[in-house]
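First up is the structure itself, then whatever we jot down about it.
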Amino acid sequence: MLGPLFSAAMEPQRCHRELLLLPTAMPRETAFFPAPRPPAASSSSDHHHPHLDLSLSISIGSPPPEESAADHDQSNKKVVVVDVQALKLQAAEQARMASAERAYADRVMELARRELELAEREFARARAIWDRARGEVEKVDRIKAARRIAAGSAAALEITCHACMHRFHHPC
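Each number in the working numbering comes from the position in the sequence shown (counting from 1) with 2 added on.
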């Protein structure tokens with residue numbers, strides 16, 4: 003048995019409905035039409051049967067006008083113009099993005115240069131502080147050495163004076 007299938011395609015300019023007659027799922031043995039036979043070379047008249055198209059279509063409204071070659075060329079030109087405009091917009095967007103990236107890269111390089119200069123100044127200050135501290139440590143070391151020498155001489159003088167004190171105070 004054949005079952006109807008309704009499909010409607012709504013387009014902006016027209017309403018087109020199509021009725022397709024499709025067989026329902028039936029076993030091959032109960033089908034009304036026999037299975038197609040392979041073509042036989044027995045008769046040449048069998049080869050000239052046209053293919054039967056069982057799809058029906060119903061249109062509501064006037065059929066769309068046939069597109070002429072001029073209309074087709076005009077629509078192709080419009081498509082080309084739209085494509086060219088899209089390419090121009092894309093190129094302009096890419097140029098804008100490249101310019102923004104370049105400005106960002108320049109800004110980052112400027113910040114890096116400033117940070118490098120700041121680091122160099124900080125390093126120079128640290129080096130100067132280090133040199134001053136080293137100079138002061140050397141000065142303290144010299145003072146300590148001089149005091150050790152002076153303290154050693156004073157102790158020797160004191161010992162010498164105590165040892166010899168009897169000799170000087172008690173003449174023999």
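Quick reminder that beta carbons are idealized off the backbone N, C-alpha and C, glycines included.
Bear in mind the structure is a predicted one, so any value in this text is a computation, not a measurement.
Taking the CA atoms as reference points, R109 sits about 14 Å from A100. Bridge partners of I131 according to DSSP: none are assigned. Just so you know, the alpha carbons of D85 and L91 end up roughly 10 Å apart.
Within the model, the alpha-carbon separation for A105 versus E112 is close to 11 Å.
Cβ-Cβ distances below 8 Å link A93 to nothing in the same chain once the five nearest sequence neighbours on each side are left out.
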